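Numbering (numbering that gives the first Met the number 0), first residue to last: 0 to 387. We treat Cβ as the ideally placed atom computed from N, Cα and C, and that holds for glycine. Please read these numbers as outputs of a predicted model, since none were measured by experiment.
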Amino acid sequence: MKILHYKSTMRLEEGGVVKAVLDLVSMGVQTDEIFLATMDPSGVPDEWQQGQGGSVRVHHLKGTPGRGMTLNPSQLQQMRQIISDCDVLHMHSMWNPANPQIAKLCAELGKPFVLSVHGMLDDWCMSQRRLKKVFYMKTWGRHLLKNATVVHCTAQAELDQASKWFDRAKGVSVPLPFDLGEYESLPDTELAYETFSELDRVKPKVLFLSRINYKKGVDRLIRASALLHAKGVDHQLVIAGTGDEPYVKEMKSLAQSEGIEAQTYFLGFATGLAKVALLEACDVFALPTSQENFGFVFFEALASGTLVLTTKGTDTWPEIEGSGGGVIAENTPEAFADSLGEILGDLDRTHAMGQAGRAWVYKEMTVDRVRQQYRDMYERCLSQGGGS
């Protein structure tokens, strides 16, 4: 099967959607011929761009984009040729101005396409800049969703919310692929203590590992930590991640004003095996998020054997809770403090839950299992045809 992925820009700093596309391409090449078209391939591995990625073929849509990142006439002509050579097109993101152009090409060529909305139609996301988004949905977005052969969501909770905006019969729920390679043989936790010098070796540790942004709820976690300390529950709050400097400074000031500056460690960006060791060394991964789509970091924590505490703001919360290694709390400092108090109060149980979560990940999220779900989705596309 020849599958074409399209995302306008592939810059690694864009985060989750770019990672999802790269992982889908990596997974797909095991069984199919994969094409990737983009206007900016800067985050695409060099070997793929140089034609050394096996059955991966990267198409760089060169030239100055049209207004608002639409495709210019030359790029449209190039996309027409690429689409005509493929069986199924898989587009990513809801708000990309070029997507309706590409959907029109698919209709003209009779090619089916999948649209992955990546959490962008979740209730919380739609409440942000709502007027602008509703206008788009009543114009270009409506036609994009109507013409999609399949609308792909990464979790059932996402599909339940997103399907308010399209025919639910088009919707499918398939998780994103997750490379478990780094987690099969976990590193010694000593790596975390050597890399992050202020990591406490004795106290229980609560880890926040994400972008430091208002959406992620780091302010609520700091306040929850302060409530715990006020109750005499000693612990270290570890905040790993980067963000806009003014907001990071604001969060550091909040920790100071709450009286827990000495018990809060802002360690910066964590990556690679050091990140895995950090996840493993901490007792609980806590993310009081307002909204997450798939949330790779939750499954990274579970794969590390670390209990996850989060909210129903993440689309995968039923899976996290059902793994046996996750706890779901109301998204308030008080509720998080209560849950953390229980988690830190019985570390034997907490660690056992973490191991249950790790076992669940290795049962439910193997690449072979997820790959077949995507192939089934693409086969459904082919059976329904395109050109609607």
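Annotation: the continuous beta strand (DSSP E) that includes alanine 36 extends over 32 to 37.
Classified as buried, histidine 151 has 16 or more neighbouring CB atoms from the shown chains inside 10 Å of its CB. In this chain, alanine 328 is not harboured by any beta strand (DSSP E), its DSSP state being neither H nor E. Exclusion of the five residues before and after glutamate 260 leaves Ala254 as the residues of its chain whose Cβ lies within less than 7 Å of its Cβ. For phenylalanine 112, the beta-bridge partners assigned by DSSP are Leu88.
Taking C-beta separations shorter than 7 Å and ignoring five residues to either side along the sequence, the partners of phenylalanine 165 in its chain run Leu144 and Val150, following chain order.
Taking a contact to require three or more Cβ pairs closer than 8 Å, the segment 262 to 272 and the segment 224 to 237 qualify as touching.
DSSP, read as helix, strand or coil, puts valine 24 in helix. Secondary structure remark: continuous alpha helix (DSSP H) runs of at least 4 residues inside the segment 295 to 346, in chain order: 295 to 302, 316 to 321 and 332 to 344. Its Cα nearest to that of proline 176, the residue Phe293 stands out among Val113, Phe293, Thr63 and Ala106. Out of Gly384, Lys248, Arg141 and Ser322, the CA that lies nearest to the CA of asparagine 98 is found in Arg141. Under the three-state reduction of DSSP, lysine 1 is assigned to strand. In the DSSP assignment, the residues bridged to glutamate 291 are Thr313. Burial state of alanine 168 is exposed, judged by a 10 Å Cβ sphere holding fewer than 16 other Cβ atoms. Following the DSSP letters along the chain, one finds glycine 140 inside the alpha helix (DSSP H) bounded by residues 139 to 146. Cβ contact annotation for leucine 190 (same chain, cutoff 7 Å, sequence separation greater than five): Leu272, Ala273 and Ala276, in chain order. Here aspartate 282 is not near proline 332, since their CB atoms are 8 Å or more apart.
A distance of 8 Å or more separates the beta carbons of methionine 68 and proline 111. DSSP places arginine 368 in the helix class (H, G or I) of the three-state scheme. For leucine 185, the CB contacts under 6 Å within the same chain, skipping 5 residues up- and downstream, are Glu279 in chain order.
Remark: C-beta atoms of leucine 75 and phenylalanine 34 do not approach each other more closely than 8 Å. Between leucine 120 and methionine 93, the C-beta gap is smaller than 8 Å, which places the two residues in contact.
Exclusion of the five residues before and after aspartate 39 leaves Ser7, Thr8, Met9 and Arg10 as the residues of its chain whose Cβ lies within less than 8 Å of its Cβ.
The criterion of a C-beta distance shorter than 8 Å is not satisfied by serine 338 and glycine 312. The beta carbon of alanine 102 sits closer than 6 Å to those of Leu143 and Asn146, all from its chain and outside the five residues before and after it, given in chain order. Assignment of beta strand (DSSP E) within the segment 223 to 288, counting only whole runs of 3 or more residues, yields 235 to 239, 263 to 267 and 283 to 286 in chain order. The Cβ atoms of leucine 206 and alanine 161 do not sit closer than 8 Å to each other.
Annotation: leucine 120 is outside any alpha helix (DSSP H) and is labelled neither H nor E by DSSP.
Considered as a whole, the segment 153 to 224 harbours 155 to 161 and 189 to 194 as its complete alpha helix (DSSP H) runs of no fewer than 4 residues, in chain order. The three-state secondary structure of threonine 8, taken from DSSP, is strand.
With the rule of 3 Cβ pairs closer than 8 Å, the segment 244 to 258 does not count as touching the segment 316 to 330.
Per the coordinates, the alpha-carbon of serine 41 lies some 13 Å from the alpha-carbon of lysine 18. Counting the other CB atoms within 10 Å of its CB gives glutamate 244 a total below 16, which places it among the exposed residues.
For arginine 79, the enclosing alpha helix (DSSP H) covers residues 72 to 83. The criterion of a C-beta distance shorter than 8 Å is not satisfied by glycine 170 and glycine 384. In the DSSP assignment, arginine 348 forms no beta bridge with any residue.
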